[in-house]
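Chemist: First the structure, which I've put down as C-alpha cells, then a few questions once you've had a look.
Protein chains: 2
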Amino acid sequence: MDAAKDLNYNPSHIARSLSVKRTDTLGMVITDITNPFFAQMIRGAEDCALKQEYLLITINTNEQLDRERQVLSVLRSRRVDGILLVVAPNGGDASHIRSTLDAGIPIVCIDRVPSGIALDSVSVDNVKGSQTCVRHLIERGHRRIAIITGSLSLENAKGRLQGYELALREAGIKPDPELILKGDFREATGYRLGKELLLRQERPTAVFLSNGVMTMGFLRALYETGRSCPGDIAFATFDDPQPPTIFRPQITAVAQPAYEIGAAAAELLIQRVQGKVKLAKRIAIRLEPELKIRESSAFVPREPLAQSHLIPPRGTGPHQGSERVRHSD
Amino acid sequence: MDAAKDLNYNPSHIARSLSVKRTDTLGMVITDITNPFFAQMIRGAEDCALKQEYLLITINTNEQLDRERQVLSVLRSRRVDGILLVVAPNGGDASHIRSTLDAGIPIVCIDRVPSGIALDSVSVDNVKGSQTCVRHLIERGHRRIAIITGSLSLENAKGRLQGYELALREAGIKPDPELILKGDFREATGYRLGKELLLRQERPTAVFLSNGVMTMGFLRALYETGRSCPGDIAFATFDDPQPPTIFRPQITAVAQPAYEIGAAAAELLIQRVQGKVKLAKRIAIRLEPELKIRESSAFVPREPLAQSHLIPPRGTGPHQGSERVRHSD
DNA sequence: TTGTACGCGTTATCAA
DNA sequence: TTGATAACGCGTACAA
Numbered sequence: 001m002d003a004a005k006d007l008n009y010n011p012s013h014i015a016r017s018l019s020v021k022r023t024d025t026l027g028m029v030i031t032d033i034t035n036p037f038f039a040q041m042i043r044g045a046e047d048c049a050l051k052q053e054y055l056l057i058t059i060n061t062n063e064q065l066d067r068e069r070q071v072l073s074v075l076r077s078r079r080v081d082g083i084l085l086v087v088a089p090n091g092g093d094a095s096h097i098r099s100t101l102d103a104g105i106p107i108v109c110i111d112r113v114p115s116g117i118a119l120d121s122v123s124v125d126n127v128k129g130s131q132t133c134v135r136h137l138i139e140r141g142h143r144r145i146a147i148i149t150g151s152l153s154l155e156n157a158k159g160r161l162q163g164y165e166l167a168l169r170e171a172g173i174k175p176d177p178e179l180i181l182k183g184d185f186r187e188a189t190g191y192r193l194g195k196e197l198l199l200r201q202e203r204p205t206a207v208f209l210s211n212g213v214m215t216m217g218f219l220r221a222l223y224e225t226g227r228s229c230p231g232d233i234a235f236a237t238f239d240d241p242q243p244p245t246i247f248r249p250q251i252t253a254v255a256q257p258a259y260e261i262g263a264a265a266a267e268l269l270i271q272r273v274q275g276k277v278k279l280a281k282r283i284a285i286r287l288e289p290e291l292k293i294r295e296s297s298a299f300v301p302r303e304p305l306a307q308s309h310l311i312p313p314r315g316t317g318p319h320q321g322s323e324r325v326r327h328s329d
Numbered sequence: 001m002d003a004a005k006d007l008n009y010n011p012s013h014i015a016r017s018l019s020v021k022r023t024d025t026l027g028m029v030i031t032d033i034t035n036p037f038f039a040q041m042i043r044g045a046e047d048c049a050l051k052q053e054y055l056l057i058t059i060n061t062n063e064q065l066d067r068e069r070q071v072l073s074v075l076r077s078r079r080v081d082g083i084l085l086v087v088a089p090n091g092g093d094a095s096h097i098r099s100t101l102d103a104g105i106p107i108v109c110i111d112r113v114p115s116g117i118a119l120d121s122v123s124v125d126n127v128k129g130s131q132t133c134v135r136h137l138i139e140r141g142h143r144r145i146a147i148i149t150g151s152l153s154l155e156n157a158k159g160r161l162q163g164y165e166l167a168l169r170e171a172g173i174k175p176d177p178e179l180i181l182k183g184d185f186r187e188a189t190g191y192r193l194g195k196e197l198l199l200r201q202e203r204p205t206a207v208f209l210s211n212g213v214m215t216m217g218f219l220r221a222l223y224e225t226g227r228s229c230p231g232d233i234a235f236a237t238f239d240d241p242q243p244p245t246i247f248r249p250q251i252t253a254v255a256q257p258a259y260e261i262g263a264a265a266a267e268l269l270i271q272r273v274q275g276k277v278k279l280a281k282r283i284a285i286r287l288e289p290e291l292k293i294r295e296s297s298a299f300v301p302r303e304p305l306a307q308s309h310l311i312p313p314r315g316t317g318p319h320q321g322s323e324r325v326r327h328s329d
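Chains A and B supply the protein sequences, listed in that same order. Sequential numbering from 1 applies to the first sequence in the numbering used here. Sequential numbering from 1 applies to the second sequence in the numbering used here.
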C-alpha cells in the first residue's frame, strides 16, 4: 500500500472489468441536456449511481433517432451494465432497443415511454397531472380551453391529452377538435401553433401547453401578437420551465419531480443489474406531479359560467405557496 | 461480418482498450450541470469529441473540492485519455490535479483557471468582457456603479473585477471600495449582497454582477425590495443567464460562447492526447465574449454627467439586435 | 493471405 | 496464508 502511494499507482478498472465481466458503469441517454428538466434528472440519477459505486455516462441524442441507435451501440461496446433511456421520437421503431435488451443489458425508460415494447419505466403520472391542471383552469371559469399536445407517438404526450379530455368531460364540457392542436414538444411548434391560436377570431380563453419547451415558444408568440397575460388570456403548462425567478408572468405549471425521477430510475436499474428483482414482468413507477398555481392562470373570462363549484381566483402574488395536486380518485 | 450480425455480436471496447492502452474516452468534470452555461459547454465538447471518435464522460462535482478529488481518481482508474476540468473553488490546493497530470493524463481547464499551477486552458477574455460592459454603463451616464465579484481565488473572477476597474479608470472614475462587494458566484450571495446594496441610503445607480447565477439572486432581491428595473436602477451581468425569453426585464449581459468554449477545449485536449502539439509550454485560448444590450441597463440616472462621449440610451425593445463587443485596443 | 501465440492488468482458481 | 497460473477478449507480431 505504501509502495502504491509511492509509485502513484492506480488500479486499472478496465483490466478489472475484463476479468469480472462488469464495468460498474451505467449509461444515460438523454435527448437534450440543456433542458433543465433533464439536467435535474441527471443529477438525481448520478447521485444515486455514485452512492452505489456506479459511474454514470451521460450522452445526448439531440432528439435524433439515428444518434440514439449509434449511442446505444457505443454503450454496448463499452459493456455498460445497464442503460437509462429517454427515447427520441421514433416512428415505432424499437429494433435497436430490443437488440440491446437481447444483449443482456437492462434498460429503464425515463419520462417518455415508447409504445409497442415492454420496458421498465419511471415517469410522472401524466394523466393525473394535466387533468389536475386543466381542472384548475375550469375552476377559474374557463370553458374554451385549448391544448397544444406533444408527439402523440409518445405515451406521455398521449397521457397529457387524455388528462385534458378527462378534466373537460367531468365538467360537462365536450372536447372541441378545433382546440386540440397536435404539437411535438419543440419550441418552434409552441410558437407556431400558439400564434395561430392567439390570432383566431374566436380565440380560447385559456391554453394548456404539453411541455415547458413549447411554452417558451408560446411566450414568444404571446409577445409578438401583443397579447398580455394575465390580461387577455390564461395559460398553464406541463413542466416547470425555469427555476422560479422573478420574471413576469410567473407560469402556472405541473411540476415534475425531476431529481426524484432520475434517482428512482437509477435505483430500479441497479436492482435489475444486480438481479435483485425478478425479471418476470415489467415495472412501471409513476411519481406524483405537483400543480404550482401562479400568475399565468389568473385571467378570468368575462362571461364566467354560473357553476356551483366555481372558485374565485386566488391571490397571484409572487410568493404565493404552491398547491399539492389533488387526486382524482 | 454476416455471422457477427447473426450472433448480435458487439466487439468489447474494454478488451480492446486493455490491449492498445487507449480508451478513446475523455472525462469532463463540471461543477454544476444544471447551470445552462455549463450544459451548453458540454454539448460543444461532446459534439467535438464524438466527431473524433471519443466518448465523453461528464461528472458533476457540485462545487465540492473533495468530490473533485474523488472524481479525478475515478477517471484515472478508468484510464480516460484526457480530462476537461472546470475546477471547484479550491483553497489553492491543486495536488490532486498535479498527481493526475503526473500519471500522464492531459488536463485542459475550462472557464475557471486555477492560479498557482500551469495548465492548458480555454475561457473567455474576462477582463475585456466586463470592461466593455461597464463601459456601456458609463456611457449611459452612470458613475456610481457597484460590482458583486466572484470568488477572488479564481482567475476569471479576478479578471472581471479588473475589467470593471479598468473601465472606471479610463472614464476618470475612481473605484470606490464601498461599491466593490466580494461575492462567490452563488445565488444566495447575489441575493444577500444585492439586497444590501438596494437598501443603502446612497444606493448605486447601476450594478454589475460577475455571473449569471448571482444575477438570479439579485433579481429576487430587486423584487423583494420593491425596486423596479429599469425604473429605479440599471444592472448588467457576466453570463447570459437564460435562453432569450420574453420575460421582463430582459437582461443586459456579457454572453459567453459556451458551445464554442466546450468545443475548443475538447479540440485542444484531443491534440494533447494525440501528441500533436508540443508539450513545451501551456496553451491558453481566449474567446471573445459578446455584449448583449437589453432592457436592464436602460435606466439613466437623473443627474447624468455632461461628458462629451456620452451616448444616449438606445432603443430597448425586445428584438433589438445585440452589439458586438468593442475591443479596448 | 491465413493462422497462431503472446501480452495487456486484473481476478479467480487451484496447489503448495 | 501464500504463490503460481489460467482466463477475460482483443491487438499484434511473426510464422506458415
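All residues carry an ideal CB built from backbone N, CA and C; glycine is no exception.
Using alpha carbons as the reference points, say which of B/Asp81, B/Arg143 and B/Arg192 lies closest to B/Ala103.
Modeler: Residue mapping note: residue 103 of chain B aligns to position 103 of the second sequence, counting from 1. Checked all of B/Asp81, B/Arg143 and B/Arg192; the closest Cα to B/Ala103 is B/Asp81.
Chemist: Decide if A/Ala298 is buried, meaning its Cβ has at least 16 other Cβ atoms within 10 Å, or exposed.
Modeler: In the first sequence, counting from the first residue as 1, residue 298 of chain A sits at position 298. The residue is buried, with at least 16 neighbouring Cβ atoms inside 10 Å.
Chemist: Does A/Leu18 come within less than 9 angstroms of chain B when only Cβ atoms are used?
Modeler: Counted from its first residue, the first sequence places residue 18 of chain A at position 18. Interface residue, yes.
Chemist: Taking A/Ala206 and A/Leu137 to be in contact with their CB atoms under 8 angstroms, please state how far apart those CB atoms are, rounded to whole angstroms.
Modeler: As a working note, residue 206 of chain A is residue 206 in the first sequence. As a working note, residue 137 of chain A is residue 137 in the first sequence. Sure, about 5 angstroms apart at Cβ, within 8 angstroms.
Chemist: For B/Glu165, which residues in the same chain have their Cβ closer than 8 angstroms to its Cβ, ignoring the five residues on either side in sequence?
Modeler: Stepping through the second sequence from its first residue, residue 165 of chain B is reached at position 165. Counting only Cβ-Cβ distances below 8 angstroms, and skipping sequence neighbours, we find Pro175.
Chemist: I'd like to check one pair, B/Ile270 with B/Ser121: are the Cβ atoms closer than 9 angstroms?
Modeler: Here residue 121 of chain B corresponds to residue number 121 of the second sequence, with the count starting at 1. Here residue 270 of chain B corresponds to residue number 270 of the second sequence, with the count starting at 1. Not a contact, by the Cβ cut-off of 9 angstroms.
Chemist: Is any beta-carbon of chain A found at less than 9 angstroms from that of B/Gln40?
Modeler: Here residue 40 of chain B refers to the residue found at position 40 when the second sequence is read from its first residue. Yes, because at least one Cβ of chain A sits closer than 9 angstroms to the Cβ of B/Gln40.
Chemist: Cβ of B/Arg79 within 9 angstroms of Cβ of B/Thr25?
Modeler: To locate residue 79 of chain B, count along the second sequence from 1; it is residue 79. To locate residue 25 of chain B, count along the second sequence from 1; it is residue 25. Contact: yes.
Chemist: Any C-beta of chain B sitting closer than 9 angstroms to the C-beta of A/Arg192?
Modeler: On the first sequence, residue 192 of chain A is found 192 positions in, with the first residue counted as 1. A/Arg192 does not count as touching chain B.
Chemist: Okay, do the region 123-142 of chain B and the region 174-193 of chain B touch, 3+ Cβ pairs below 8 angstroms being the bar?
Modeler: No: fewer than three Cβ pairs fall under 8 angstroms.
Chemist: When you compare the CB positions of B/Ile333 and B/Val134, do they come within less than 9 angstroms of one another, or not?
Modeler: Residue 333 of chain B falls outside the range modelled here, since chain B spans only 1 to 329, and no answer is possible.
Chemist: Can you have a look at B/Ala45 and say buried or exposed, based on whether 16 or more other CB atoms are within 10 angstroms of its CB?
Modeler: As a first step, residue 45 of chain B must be located in the second sequence, where it is residue number 45. With 16 or more Cβ atoms within 10 Å of its Cβ, B/Ala45 is classed as buried.
Chemist: Please report how far the alpha carbon of A/Tyr9 lies from the alpha carbon of B/Arg22, in whole angstroms.
Modeler: Taking the first sequence and counting its residues from 1, the one referred to as residue 9 of chain A is at position 9. Taking the second sequence and counting its residues from 1, the one referred to as residue 22 of chain B is at position 22. The alpha-carbon atoms of A/Tyr9 and B/Arg22 are separated by roughly 17 angstroms.
Chemist: Short of 8 angstroms Cβ to Cβ, which residues in the region 65-78 of chain B face chain A?
Modeler: Residues Ser73, Val74, Arg76, Ser77 and Arg78.
Chemist: Look at the Cβ atom of A/Leu56, then the Cβ atom of A/Ile33, and state whether they are nearer than 9 angstroms.
Modeler: On the first sequence, residue 56 of chain A is found 56 positions in, with the first residue counted as 1. On the first sequence, residue 33 of chain A is found 33 positions in, with the first residue counted as 1. In this structure, A/Ile33 does not lie closer than 9 angstroms to A/Leu56 by Cβ.
Chemist: Looking only at its own chain, which residues have a Cβ that is under 8 angstroms from the Cβ of B/Ile97, when we skip the five neighbours before and after it?
Modeler: Stepping through the second sequence from its first residue, residue 97 of chain B is reached at position 97. Leu72, Leu85, Val87, Ile107, Pro114, Ile117 and Leu119.
Chemist: The region 43-67 of chain B: which residues have C-beta closer than 8 angstroms to a C-beta of chain A, in chain order?
Modeler: Residues Arg43, Glu46, Leu55, Leu56, Ile57, Thr58, Ile59 and Asn60.
Chemist: Measuring alpha carbon to alpha carbon, tell me which of B/Glu178, B/Glu224, B/Gly129 and B/Ile30 ends up nearest B/Ala157.
Modeler: Sequence index remark: in the second sequence, residue 157 of chain B carries index 157 (1-based). Of the candidates B/Glu178, B/Glu224, B/Gly129 and B/Ile30, the one whose C-alpha sits nearest the C-alpha of B/Ala157 is B/Gly129.
Chemist: Any beta carbon from chain B within less than 9 angstroms of A/Asn10's own beta carbon?
Modeler: By 1-based counting over the first sequence, the position of residue 10 of chain A is 10. Chain B, which has a Cβ nearer than 9 angstroms to the Cβ of A/Asn10, makes this yes.
Chemist: With a threshold of 8 angstroms on Cβ separation, who are the neighbours of A/Leu287 within its own chain once the five nearest residues in sequence on each side are excluded?
Modeler: Here residue 287 of chain A refers to the residue found at position 287 when the first sequence is read from its first residue. Closer than 8 angstroms at Cβ, skipping near neighbours: Val122, Ser123, Val124, Asp125, Gln256, Pro257, Glu260, Ile261 and Ala264.
Chemist: Specify, as a first and last residue, the run of the alpha helix (DSSP H) that B/Asn331 falls within.
Modeler: Past the edges of chain B, shown from 1 to 329, lies residue 331 of chain B, and the structure says nothing about it.
Chemist: Apply the 10 Å Cβ neighbour rule to B/Asp184 and answer buried if 16 or more other Cβ atoms are within range, or exposed otherwise.
Modeler: Taking the second sequence and counting its residues from 1, one reaches residue 184 of chain B at position 184. With 16 or more other Cβ atoms within 10 Å, it is buried.
Chemist: Nearest CA to the CA of B/Pro289: which residue from B/Leu181, B/Arg160, B/Leu268 and B/Ala188?
Modeler: On the second sequence, residue 289 of chain B is found 289 positions in, with the first residue counted as 1. Comparing Cα positions, the closest option is B/Arg160.
Chemist: Starting from B/Thr23, find everything on chain A with Cβ-Cβ shorter than 8 angstroms and list it in chain order.
Modeler: Taking the first residue of the second sequence as 1, we reach residue 23 of chain B at position 23. Going along chain A in sequence order, the residues near B/Thr23 (Cβ under 8 angstroms) are Ile14.
Chemist: What distance in whole Å lies between the Cβ atoms of B/Thr237 and B/Leu209, which are believed to be in contact at a cut-off of 8 angstroms?
Modeler: Looking up residue 209 of chain B in the second sequence gives position 209. Looking up residue 237 of chain B in the second sequence gives position 237. B/Leu209 to B/Thr237, Cβ: 4 angstroms. Contact.
Chemist: Whole angstroms is fine: what's the gap from A/Asp111's alpha carbon to A/Val29's?
Modeler: For this step, residue 111 of chain A is matched to residue 111 along the first sequence. For this step, residue 29 of chain A is matched to residue 29 along the first sequence. Each residue's Cα considered, the two are about 12 angstroms apart.
Chemist: Can B/Ile105 and B/Leu152 be called in contact, C-beta distance under 9 angstroms?
Modeler: Here residue 105 of chain B is taken as the residue at index 105 of the second sequence, counted from 1. Here residue 152 of chain B is taken as the residue at index 152 of the second sequence, counted from 1. Going by C-beta atoms, B/Ile105 is not nearer than 9 angstroms to B/Leu152.
Chemist: Can you pull the chain B residues whose beta carbon is under 8 angstroms from the beta carbon of A/Pro230, in chain order?
Modeler: Counting from one through the first sequence, the residue named residue 230 of chain A turns up at place 230. Per Cβ cutoff of 8 angstroms: no residues; A/Pro230 is ~14 angstroms from chain B at best.
Chemist: Given a cut-off of 9 angstroms on the beta-carbon distance, is the pair A/Tyr191 and A/Phe235 in contact?
Modeler: As a position in the first sequence, residue 191 of chain A is number 191, starting the count at 1. As a position in the first sequence, residue 235 of chain A is number 235, starting the count at 1. It is not a contact, given that the beta carbons lie outside the stated cut-off.
Chemist: What are the complete alpha helix (DSSP H) segments, minimum 4 residues, inside the region 186-220 of chain A?
Modeler: Whole alpha helix (DSSP H) segments, 4+ residues: 187-198.
Chemist: Taking all protein chains shown into account, decide if B/Val20 is buried (16 or more other Cβ within 10 angstroms of its Cβ) or exposed.
Modeler: Taking the first residue of the second sequence as 1, we reach residue 20 of chain B at position 20. Classification of B/Val20: exposed, given that the 10 Å Cβ count is below 16.
Chemist: Buried or exposed: A/Gln131, going by 16 or more other Cβ atoms within 10 Å of its Cβ?
Modeler: In the first sequence, the residue the question calls residue 131 of chain A occupies position 131. Under this definition A/Gln131 is a buried residue.
Chemist: Spatial neighbours of A/Glu187 within its chain, please: C-beta separation below 7 angstroms, excluding the five flanking residues on both sides.
Modeler: Against the first sequence, residue 187 of chain A aligns to sequence position 187. These residues qualify, in order along the chain: Val213, Met214, Met216 and Gly217.
Chemist: Along chain B, in chain order, which residues have C-beta atoms closer than 9 angstroms to that of A/Pro377?
Modeler: Within the shown structure, residues of chain A are numbered from 1 to 329, placing residue 377 of chain A beyond reach of any answer.
Chemist: Please list, in chain order, the chain A residues whose beta carbon lies closer than 8 angstroms to that of B/Asp102.
Modeler: Taking the first residue of the second sequence as position 1, residue 102 of chain B is located at position 102. Within chain A, the residues near B/Asp102 are Asn8.
Chemist: So B/Glu68 and B/Thr61 are supposed to be a Cβ contact under 8 angstroms. How far apart are they, rounded?
Modeler: Stepping through the second sequence from its first residue, residue 68 of chain B is reached at position 68. Stepping through the second sequence from its first residue, residue 61 of chain B is reached at position 61. The Cβ separation is near 5 angstroms, so the contact holds.
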